[in-house]
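S.K.: Numbering (the numbering used here), first residue to last: 10 to 421. Attaching a single structure in structure tokens format; questions to follow.
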């Protein structure tokens, strides 16, 4: 009797504890709620060095992208339709350096999350949202350049809601939110338990191989294939136009027209014009082509007329457009290569780690690829002036106003 009464009391006590829990309490899937503190595997000197490098990366990311945003605000020459997508990319990269990296530094150094589960959820949502938006912005930039190079006339005359860059920018953030954030917020509620122990901060699907494979396909593999496709078509378009131009230049002109000679000279070295004048609109092309044909007639062979001047101007703009498209292709290739190098290791290791439940990938190796992913956000601001003259001049105007004034006065 004594044993049975003790068993009954134990059963009543357990029932009381279970009914005392609120309906919204999420139990751990493994039944353990105690924190799992981790001791750092690095010495104090290494920890200090790592902390300095992490802080430096955050500062570089913040300052670099602030410079891009500030240049876009100050310089009206940058407010071209395609450059708004660079602004959108700079905003997402800035938030990575201002929010995601600083909150992660203590967790990376100590191995314990000290800010609570609510802040952990917020950090996860922001991190996945910002990084995914950064990837989608690169795809949008590549697609916009693809249209401007391969379909220049139709690109310039675009009208309607889809030609508005703000609509595309907002769509990027919506798609980026829908990819990961609902799973981050609702996974444990649907499953009824949490796989994240106290003192830790990672997504509930961290070890779910199927979800990681599907999400990574949409976040990395499809964007990588898309930007590769766009860049290959841009290069093929440029090569085709170069071959067409070389064939035209190799054909002997029927007369010693000054326009043909000028076109050949302009092909040797031409400066890039502004993006607003890159594409030749369809409304003026027939008129100028007729002027070129007219200038080739025998009666006007040796005369310098306004029509000849217009044909020379048309030829110069055509050569300048080709030169500008070459620079666009090179800049896209650099940005896309940086994206692939920074994202590929993390994506592949994340899928492999999920498949083997974290037993076949060392945590240090995974952390390195994680920081490499964030490194992409700090590299992008330095790729802009390297690839775009207008960004370079805008940065010089902000950082070195005296040198910019001297350079500008010397050009007149």
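All C-beta atoms, glycine included, are put in the ideal place defined by N, C-alpha and C. As the structure is a prediction and not an experimental result, all values here were calculated from the model.
1) So is residue 415 buried or exposed if we call it buried at 16+ other beta carbons inside 10 Å?
2) In this structure, does DSSP put residue 412 in helix, strand or coil?
3) For residue 342, which residues of its own chain have a beta-carbon under 7 Å away from its beta-carbon, when the five flanking residues on both sides are left out?
4) From residue 244 to residue 107, what distance separates their C-alpha atoms?
5) If the criterion is Cβ atoms closer than 8 Å, does the pair residue 407 and residue 79 meet it?
6) Helix, strand or coil for residue 173? Go by DSSP, reduced to three states.
7) On the three-state DSSP scale, how would you describe residue 160?
8) In whole angstroms, what is the alpha-carbon distance linking residue 121 and residue 205?
9) So what's residue 64 in DSSP terms, helix, strand or just coil?
10) Pairing CB atoms from the segment 140-151 with CB atoms from the segment 97-106, are three or more of them under 8 Å?
11) Can you tell me the Cα-Cα spacing of residue 351 and residue 357, whole angstroms?
12) Use the C-beta contact count for residue 372: other C-beta atoms within 10 angstroms, 16 or more gives buried, fewer gives exposed.
13) In angstroms with no decimal places, state the Cα-to-Cα distance between residue 353 and residue 175.
14) What do you reckon, are the CB atoms on residue 221 and residue 214 nearer than 8 Å?
15) Using 8 Å as the threshold, is the C-beta distance between residue 393 and residue 378 below it?
16) Are residue 70 and residue 387 closer than 8 Å when you measure CB to CB?
17) Among the candidates 109, 56, 66, whose CA atom is the shortest distance from the CA of residue 136?
M.R.: In terms of the structure at hand:
1) Locating residue 415 in the chain shown gives position 406, counting from the first residue. Classification for residue 415: exposed.
2) Against the chain shown, residue 412 aligns to sequence position 403. Helix, per DSSP.
3) Counting from 1 along the chain shown, the entry for residue 342 is found at position 333. Counting only Cβ-Cβ distances below 7 Å, and skipping sequence neighbours, we find 240.
4) Walking along the chain shown from the start, residue 244 turns up at place 235. Walking along the chain shown from the start, residue 107 turns up at place 98. Roughly 37 Å between the two C-alpha positions.
5) As a working mapping, residue 407 is identified with position 398 in the chain shown. As a working mapping, residue 79 is identified with position 70 in the chain shown. Closer than 8 Å, so yes.
6) As a working note, residue 173 is residue 164 in the chain shown. Here residue 173 sits in coil by DSSP.
7) Stepping through the chain shown from its first residue, residue 160 is reached at position 151. Residue state, collapsed to three classes: coil.
8) Position 112 of the chain shown, counting from 1, holds the residue named residue 121. Position 196 of the chain shown, counting from 1, holds the residue named residue 205. The straight-line gap from Cα to Cα measures roughly 12 Å.
9) One-based indexing of the chain shown puts residue 64 at position 55. In this structure, residue 64 counts as helix in the three-state DSSP scheme.
10) yes
11) Counted from its first residue, the chain shown places residue 351 at position 342. Counted from its first residue, the chain shown places residue 357 at position 348. Cα-Cα distance, rounded: 11 Å.
12) Within the chain shown, numbered from 1, the residue matching residue 372 stands at position 363. Under this definition residue 372 is an exposed residue.
13) Translated into positions along the chain shown, residue 353 becomes position 344. Translated into positions along the chain shown, residue 175 becomes position 166. Each residue's Cα considered, the two are about 29 Å apart.
14) One-based indexing of the chain shown puts residue 221 at position 212. One-based indexing of the chain shown puts residue 214 at position 205. Their beta carbons are under 8 Å apart, which means residue 221 touches residue 214 by this criterion.
15) Your numbering for residue 393 matches position 384 in the chain shown. Your numbering for residue 378 matches position 369 in the chain shown. Cβ atoms of residue 393 and residue 378: not closer than 8 Å.
16) As a working mapping, residue 70 is identified with position 61 in the chain shown. As a working mapping, residue 387 is identified with position 378 in the chain shown. Yes, the pair counts as a contact, with Cβ atoms nearer than the cut-off.
17) Residue numbering aside, residue 136 sits at position 127 when the chain shown is read from its first letter. Taking only the C-alpha atoms, the option nearest residue 136 is 109.
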